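Asks:
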Amino acid sequence: MMTAWLVMAFILVASIVYLFMSVQKGQVRRSDVSSDTFDNVRRHEIQMEEEVGRLSHEESAQLLRDLSSETKRTQEQQRQTDITEPRFTRIVLIAMASFVILGSVGLYQYLGYAKEVVFTERLQAKTVTPQQVESFLAYRSHRYNRPEDWYYEANNYMKQGEFTKAEASYLKTLALLPEESPDRVNVLVAYAQSIFYANGNKSSPKMEKVVHEALALDPNQATALGLQGVAYFSSKDYKKAVIAWQNAVRHNHNIAERNTLLSAIMKAREEGDISYRDIPSVITNAIAIKIEWDPNKVTWHDDDTLLVYARIPGQKVPIAIRKISPQALNKPIILTNLDNLMSTQTLASTKKVDVFVKLSSIHSSDLTKGRVIGIRRALPSNSESIYSIKVSL
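Under the UniProt record's numbering, the residue at position 79 of the sequence shown is numbered 79, and the numbers go up by one with no gaps.
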């Protein structure tokens, strides 16, 4: 980068010098042309005056000699003036122009705009590498020292698996973030995760302290509750681990994370010999749905997604929703009392439900949009059976 900058600076200075030299030569040529033109016109006038008899031959010859001498003296004076007087001016002008241009380029580089422009171009062209992303985020965080820049850097370190670096960046984010910031809970949770991963996926007093701070701000933060359960499980307090993980399940709408938590709950129940009488299951109602279709009539597209609704008969607001891709239809879809994304009511609030299947797009974030392609009415809200719904487009 420095070599390229020096080459660019040299080209700029050379261009400026060439411009001034060209202007100077042009001025000299115009001066010479002006002197020659005056000499030719005056000679013609002397010749005409001699022909009409106003001047004798001797007078004409003398005037021509004087004209030649004067023209020569004038040209020499002009060249001397061009060499001596403007030299300092030309040097000053060249130096000032070079300073302004190079200073502007240097300031542009110093302020970092060039780096941001180059990175943006690479990002738009999709040619940016992970190393370039890491370098750019580190540059921004150290240059601007803003909490959001340190947070982005920390997130990138987490993606790269560099958890110790992420931990340091999250700590810097928290130091710069105002205490009353609504983002503080999320940063604390991310910081706790980085501590957990950097410690080899093991709990530690440091992590527990950060989790406690996060839960003090938001007692229902699902990830923090999950980490709290890990801490209890590590200390063999299995009952508290089950309670913490069940609370995490209640507030976590990510299906994959919820399934992981449910598996962890089963493990804690086994280790602590905890029955459902001791701690009731977090899932009180569940209904399994199997989607069926005729391959000759139904063709799924890459951007298709299915919305499976459970509604109380006569009501419009779903009390359970699952978003499923066609690739996941090879196994039953389980709707539970935890899937109430749009209603305060759950499957436990009713005895019977109507189940709808809607065809939507993965690009839509609106869970109410879609075309109904299948329906099954008056199903029990809690059953161990698997109910099939045939869909058609």
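For glycine and all other residues, C-beta sits at the position ideal for the given N, C-alpha and C. The structure presented is a predicted model; accordingly, all values stated were derived computationally and were not measured.
Which same chain residues end up closer than 8 Å to K297 when comparing Cβ atoms and leaving out the 5 residues on each side of it in sequence?
Replies: Residue numbering aside, residue 297 sits at position 297 when the sequence shown is read from its first letter. S392, L393, listed in sequence order.
Asks: Flag this pair as yes or no: are the beta carbons of I291 and I375 separated by less than 8 Å?
Replies: Taking the sequence shown and counting its residues from 1, the one referred to as residue 291 is at position 291. Taking the sequence shown and counting its residues from 1, the one referred to as residue 375 is at position 375. Contact annotation: I291 and I375 have beta-carbon atoms that are not nearer than 8 Å.
Asks: Quick check on the burial criterion: 16 or more other C-beta atoms within 10 angstroms. Buried or exposed for I386?
Replies: Working through the sequence shown from its first residue, we reach residue 386 at position 386. Around the Cβ of I386, a 10 Å sphere holds fewer than 16 other Cβ atoms; the residue is exposed.
Asks: In whole angstroms, give me the CA-to-CA distance for E384 and L347.
Replies: For this step, residue 384 is matched to residue 384 along the sequence shown. For this step, residue 347 is matched to residue 347 along the sequence shown. Going from the Cα of E384 to the Cα of L347 covers about 14 Å.
Asks: Could you pull the start and end residues of the alpha helix (DSSP H) that P147 belongs to?
Replies: For this step, residue 147 is matched to residue 147 along the sequence shown. Run containing P147: 147-160, per the alpha helix (DSSP H) assignment.
Asks: Quick one: what's got a C-beta closer than 7 Å to W150's C-beta in the same chain, skipping five residues either side?
Replies: Numbered from 1 along the sequence shown, position 150 holds the residue referred to as residue 150. The answer, listed in chain order, is S141, S169, K172, T173, L176.
Asks: Please tell me whether, using a cut-off of 7 Å, the distance from the CB of T336 to the nearest non-hydrogen atom of the ligand PLP is below it.
Replies: No copy of the ligand PLP appears in this structure; indeed no ligand is present at all.
Asks: From K236, P205, A288, L262, pick the residue whose C-alpha is nearest to that of G226; which is it?
Replies: The residue you call residue 226 lines up with position 226 of the sequence shown. That would be L262, whose Cα lies nearest to the Cα of G226.
Asks: Just curious, the alpha helix (DSSP H) that E271 is in, first and last residue?
Replies: Taking the sequence shown and counting its residues from 1, one reaches residue 271 at position 271. Note, E271: alpha helix (DSSP H), 255-272.
Asks: Compare the Cα-Cα distances from L379 to each of A310, A154, A61, T299 and report the closest residue.
Replies: Looking up residue 379 in the sequence shown gives position 379. Selected option, being the one with the closest Cα: A310.
Asks: Under three-state DSSP, which class holds E121?
Replies: Position 121 of the sequence shown, counted from the start, is the residue given in the question as residue 121. Three-state DSSP puts E121 in a helix.
Asks: I believe M342 touches I321 by the beta-carbon criterion, under 8 Å. Please report the beta-carbon distance rounded to the nearest angstrom.
Replies: As a working note, residue 342 is residue 342 in the sequence shown. As a working note, residue 321 is residue 321 in the sequence shown. About 7 Å separates the two Cβ atoms, so the contact holds.
Asks: Quick one: any contact between the stretch 256-274 and the stretch 224-241, if contact means 3 or more CB pairs under 8 Å?
Replies: yes
Asks: Using three-state DSSP, classify Y276 as helix, strand or coil.
Replies: Mapped onto the sequence shown, residue 276 falls at position 276. Coil, per DSSP.
Asks: What does the Cβ neighbour count give for P280, buried or exposed, with the cut at 16 atoms within 10 Å?
Replies: Residue mapping note: residue 280 aligns to position 280 of the sequence shown, counting from 1. Its Cβ having fewer than 16 others within 10 Å, P280 is exposed.
Asks: Which residues in the same chain as D304 place their Cβ atom closer than 6 Å to its Cβ, once the five residues preceding and following it in sequence are excluded?
Replies: Position 304 of the sequence shown, counted from the start, is the residue given in the question as residue 304. P326.
Asks: Kindly indicate which residue of T299, V249, D339 has the alpha-carbon position closest to the one of V317.
Replies: Walking along the sequence shown from the start, residue 317 turns up at place 317. When each option's Cα is compared against that of V317, the closest is D339.
Asks: Spatial neighbours of M207 within its chain, please: C-beta separation below 6 Å, excluding the five flanking residues on both sides.
Replies: Translated into positions along the sequence shown, residue 207 becomes position 207. For M207, where only same-chain residues beyond five positions count, the Cβ hits under 6 Å are A192, I195, F196.
Asks: Please state the DSSP three-state secondary structure of D294.
Replies: Indexing the sequence shown from 1 puts residue 294 at position 294. D294 falls in the coil class under three-state DSSP.
Asks: Using CA coordinates, which residue listed in R65, T223, T120, P205 is at the minimum distance from L188?
Replies: For the purposes of this step, residue 188 is taken as the residue at position 188 of the sequence shown. Nearest neighbour of L188 by Cα position, chosen from R65, T223, T120, P205, turns out to be T223.
Asks: Excluding the 5 residues preceding and the 5 following I265 in the sequence, name in chain order all residues of the same chain whose CB lies nearer than 7 Å to its CB.
Replies: Within the sequence shown, residue 265 is the residue found at index 265, counting from 1. Contacts found: V242, W245, Q246.
Asks: Quick check on K369: buried or exposed, where buried means 16 or more other Cβ atoms within 10 Å of its Cβ?
Replies: On the sequence shown, residue 369 is found 369 positions in, with the first residue counted as 1. When all chains shown are included, K369 counts as exposed.
Asks: So, with DSSP's three-state summary, where would you put S68?
Replies: Start at 1 with the first residue of the sequence shown, and residue 68 comes out as number 68. It is helical.
Asks: Label Y144 either buried or exposed according to how many other C-beta atoms from any shown protein chain fall within 10 Å of its C-beta, with 16 as the threshold for buried.
Replies: The residue given as residue 144 occupies position 144 in the sequence shown. It is exposed - the Cβ of Y144 has fewer than 16 other Cβ atoms within 10 Å.
Asks: Does DSSP put G229 in a helix, a strand or coil?
Replies: Position 229 of the sequence shown, counted from the first residue, corresponds to residue 229. If DSSP states are grouped into helix, strand and coil, G229 belongs with the helices.
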